[in-house]
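Here the structure comes first, spelled out in structure tokens, and everything after it is commentary.
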Amino acid sequence: MFEYIRTHKRIMQGVLLVIIFPSFAFFGIESFTQRDVRTNVATVAGQAISQQEFDQALSNQLDRLKQAYGPEFDAQMLNTPEARQNVLDDLIARKALTAEAVKSKLTVSDQVLQQTILETPGLKKEDNSFDGERYKSLLAMQGMTPVMYEASLRQDMTMQQLIGAVQNTAISSKTIANRIALISEQEREVQALNFNAKDFAASIKITDEMLRAYYDKNAKQFEIPELVNAEYVVLSNDVLAEHIVVADAEVKAHYDQNMKNYSTDELRRASHILLNLKKDASADETKNVKAKAEALLAQVRKDPSQFAKLAKENSQDPGSAERGGDLDFFARGAMVKAFDETAFKLKEGEISGLVQTDFGIHIIQLTAIKPAAVKPLEEVKAQLISDIKKQKATKAYAEAAETFTNTVDEQADSLQAVADKLKLKIEKVSNLNRQPIPGMPATMVANNPKFLSAIFSDDALKKKNNIEAIEIAPNTLVSGRVVEYKPASKRPFDDVKTLIQAKVLEVEALALAKKNGEAKLAALKSADSANHFSEVKTVSRLKKADLSNDALLAIMKADVSKLPTFVGVDVPGVGYSVYRIAKVAAGTPDPARRASEAQQLENAAAQQDIYSFVEALKKKAKVEINKTALNAKSTTSAP
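Residue numbers (the UniProt record's numbering): 1 to 639.
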């Protein structure tokens with residue numbers, strides 16, 4: 001792995017240049033002409049943020065939101081100017097930080113980069129060795145190669161150096177930290193006197209006039225919203241793919257034409273002992289290193305079983321030495337040229353002579369060979385059929401979409417015609433209302449805002465015609481029609497009278513409880529008395545006992561310059577409580593908690609410093625934003 005990273009240093013620097021100056025990668029030198037600059041979303045310190053780069057950032061954010069929200073995910077989250085601006089702000093910040101890092105000549109060494117990758121969680125085998133195959137596989141799933149990832153990681157680590165320099169100098173006030181600790185620890189002795197609404201219910205008389213008044217005043221509580229029963233059809237690549245038949249001959253031809261995709265190159269596993277030797281080493285240093293290498297070579301040839309032990313004791317490659325020099329499996333071309341050529345000439349178990357590269361002198365032992373292999377057709381047939389269907393569906397979609405759009409418009413009184421033409425299934429849905437159901441994904445047709453807006457349009461409700469074809473996701477069209485419309489109505493008074501009676505009784509009882517509680521509070525402020533109060537409890541901001549948040553807040557905010565003092569608090573749905581505060585004392589200091597709070601203050605100060613630093617860099621970088629490109633619909637963003 002270590003050699004692999006070093007071998008690609010120049011390539012990674014090229015990829016890093018692409019990351020820092022993406023316009024070169026996407027448009028070539030011509031991207032700096034006036035015509036193409038207009039297609040960039042922004043420029044930061046002379047670096048372009050291309051439309052493709054911005055679209056990719058939107059797509060990445062979309063993936064993160066899908067993972068975070070799961071089935072509750074709504075693609076419309078990114079379909080707002082604010083969301084797009086937030087994504088762009090992040091790109092701008094990265095560009096500004098990158099420019100400053102380049103200016104400050106910050107770098108990350110190959111050894112540090114290698115160690116970071118080796119310590120990545122989830123990339124260890126049972127024997128604790130690095131799983132190179134899993135590493136490559138996981139990157140491939142993200143559409144990345146190791147070279148691309150390592151360049152991106154190097155850039156991130158470089159920027160972290162810059163941010164860390166600011167973060168580590170943050171200072172927070174000890175006076176403020178001490179004051180917060182004292183406020184948190186302060187304790188107050190309190191007693192409660194509760195006025196429960198249920199105790200006043202028997203004294204309340206409810207009249208029909210009161211019930212009728214509540215019914216009229218709170219009409220929305222008894223409203224039955226308008227509802228629609230509808231049917232709809234969906235056209236998408238997946239729907240088209242279901243009806244595509246792929247012949248065995250076609251599968252075989254695709255397999256033969258793309259054999260490389262199902263092949264794995266020969267892989268070799270080797271261990272090595274590396275003795276560092278710089279290019280400009282003196283003659284004496286070179287002589288000494290070679291002499292030590294010759295001695296080690298003699299030892300391992302005499303007893304090959306000692307190779308791992310000698311590698312641990314002598315190899316100066318920190319990444320592999322601890323694993324007995326093991327470099328895991330690698331493909332041809334992954335290592336530096338001299339190392340690579342030697343490794344692919346050795347037989348399994350054979351030990352090389354001394355091999356010199358830019359990094360020093362190596363002794364190589366070939367430990368295993370995985371021959372090149374091709375997955376048999378039967379093993380990949382199901383995936384091949386799926387891929388072919390998707391390809392054909394994608395090609396057929398444009399024509400099918402035109403047929404879909406025209407048919408639902410031309411034969412507007414039914415969905416049957418379009419269903420028959422394109423072999424679509426007519427789905428039915430009941431009790432739709434105008435607003436999406438909270439918690440349900442907008443990817444569900446019946447919960448999609450665009451679909452609901454169209455199905456509740458005047459034309460759809462009155463004429464019950466097909467709604468026009470709507471794109472609710474990339475390559476996904478839907479049309480529907482109203483089958484039955486139920487206008488909004490109000491539940492009859494007699495049907496809800498019992499419900500209203502309970503509600504009015506609750507409201508009146510709560511009001512009476514509060515009235516009595518406030519009267520008692522006023523009396524206590526004039527003449528102190530502890531009669532009928534509960535037993536004394538000691539509370540603080542750290543120990544709330546069984547108090548509600550509102551009660552604790554009122555008690556801790558109360559003016560205690562003169563004791564005893566009293567506060568009254570509404571208890572929603574229960575009644576009213578009066579609290580008597582008789583004593584205030586400093587709590588017991590907790591060194592661990594104080595240290596934690598001080599650290600939190602320091603972290604907050606650091607975050608503020610970082611924010612200010614990044615904002616200053618953005619200002620210094622002279623950011624220019626192309627609003628038209630920023631708000632243009634992208635192919636990778638939310639529909």
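We treat Cβ as the ideally placed atom computed from N, Cα and C, and that holds for glycine.
All of these numbers come straight from a predicted model, not from anything done at the bench.
Requested in this report: Can you have a look at Thr538 and say buried or exposed, based on whether 16 or more other CB atoms are within 10 angstroms of its CB?
Outcome: exposed
Query raised in the report: If we count Cβ pairs, one from each stretch, closer than 8 Å, do we get three or more for the segment 468-476 versus the segment 397-408?
Result: yes
Requested in this report: Grab the span of the alpha helix (DSSP H) containing Lys217 for me, first residue to last.
Outcome: 208-217
Query raised in the report: What does a CB cutoff of less than 8 Å around Gln115 pick up in its chain, not counting 5 residues either side in sequence?
Result: Pro318, Gly319
**Report entry** Proximity test, Cβ basis, 8 Å: Gln299 and chain C
**Finding:** The chain inventory of the structure shown lacks chain C, comprising one protein chain alone.
Query raised in the report: Taking buried to mean at least 16 other C-beta atoms within 10 Å of its own C-beta, is Lys557 buried or exposed?
Result: exposed
Query raised in the report: When the distance is taken between beta carbons, is Leu88 closer than 8 Å to Ala48?
Result: no
Requested in this report: Using beta-carbon positions only, say whether Leu377 and Lys252 come within less than 8 Å of one another.
Outcome: yes
Query raised in the report: Hey, quick one: how far does the beta strand (DSSP E) through residue 649 stretch, first residue to last?
Result: Since the first and last residues shown for the chain are 1 and 639, residue 649 lies out of range.
Query raised in the report: Is Lys136 helix, strand or coil when you go by DSSP?
Result: helix
Query raised in the report: Just the Cα atoms here: how many angstroms apart are Ala586 and Ser540?
Result: 10 Å
**Report entry** C-alpha distance - Leu630 paired with Val623, whole-angstrom precision
**Finding:** 14 Å
Report task. May I have the straight-line CA-CA distance separating His362 from His272, to the nearest angstrom? Result -> 6 Å
**Report entry** Three-state class that DSSP yields for Phe344 in the structure shown
**Finding:** coil
Query raised in the report: Are the CB atoms of Arg509 and Ala197 nearer to each other than 8 Å?
Result: The residue you asked about is not Arg; residue 509 is Ala in the sequence shown. Contact: yes.
Query raised in the report: How about Ser577 and Val569: do their beta carbons lie closer than 8 Å?
Result: yes
Query raised in the report: Would Lys217 be called buried (16 or more neighbouring beta carbons within 10 Å of its own) or exposed?
Result: So Lys217 ends up on the exposed side.
Query raised in the report: In chain order, what residues of the same chain lie with their CB nearer than 8 Å to the CB of residue 661, ignoring the 5 residues before and after it?
Result: Absent from the model: residue 661. The displayed extent of the chain is 1 to 639, so no value can be given.
Query - Contact between the segment 377-393 and the segment 232-243 (3+ Cβ pairs under 8 Å) - result: yes
Query raised in the report: For Arg188, does the count of other Cβ atoms within 10 angstroms reach 16, so buried, or fall short, so exposed?
Result: Classification for Arg188: buried.
Report task. Can you grab the Cα-Cα spacing for the pair Gln67 / Thr476, in whole Å? Result -> 22 Å
Report task. Answer yes or no: do Leu106 and Gln155 have a C-beta to C-beta separation smaller than 8 Å? Result -> no
Query raised in the report: Going by alpha carbons, who is nearest to Pro616 out of Ala151, Asn168, Ala93, Arg64?
Result: Residue 616 is actually Ala in this sequence, not Pro. Ala616 has its Cα closest to that of Ala93, out of Ala151, Asn168, Ala93, Arg64.
Query raised in the report: Relative to the C-alpha of Arg323, which residue among Val112, Arg332, Glu313 is closest?
Result: Glu313
Query raised in the report: Nearest to residue 677 by alpha carbon, out of Ile385, Phe307, Pro371, Asp110?
Result: Because the chain in this structure spans residues 1 to 639, residue 677 falls outside the shown range and cannot be described.
**Report entry** Ordered list of alpha helix (DSSP H) runs contained in the segment 467-547, each at least 4 residues
**Finding:** 493-526
**Report entry** Within 8 Å, strictly: CB atoms of Ile581 and Val190
**Finding:** yes
Query raised in the report: Between Met157 and Leu113, which are expected to be in contact by the criterion C-beta below 8 Å, what is the C-beta distance as a whole number of angstroms?
Result: 7 Å
Requested in this report: Whole angstroms is fine: what's the gap from Arg481's alpha carbon to Leu422's?
Outcome: 18 Å
Query raised in the report: alpha helix (DSSP H) containing Tyr69: first to last residue?
Result: Per DSSP, Tyr69 is one residue of the alpha helix (DSSP H) stretching across 51-69.
Query raised in the report: On the three-pair Cβ rule with 8 Å, is the segment 219-232 touching the segment 481-493?
Result: yes
Query raised in the report: Is Glu223 near Ala502, with beta carbons less than 8 Å apart?
Result: no
Requested in this report: State the DSSP-derived secondary structure class of Ser152, mapped to helix, strand or coil.
Outcome: Three-state result, Ser152: helix.
Query raised in the report: What is the C-beta distance between Leu432 and Leu235, in whole angstroms, given that I count them as a contact (C-beta under 8 Å)?
Result: Incorrect: roughly 20 Å between the Cβ atoms, too far for contact.
Requested in this report: State the DSSP-derived secondary structure class of Val355, mapped to helix, strand or coil.
Outcome: strand
Query raised in the report: Closest to Glu402 by CA distance: which of Gln111, Val418, Ser152 is it?
Result: Val418
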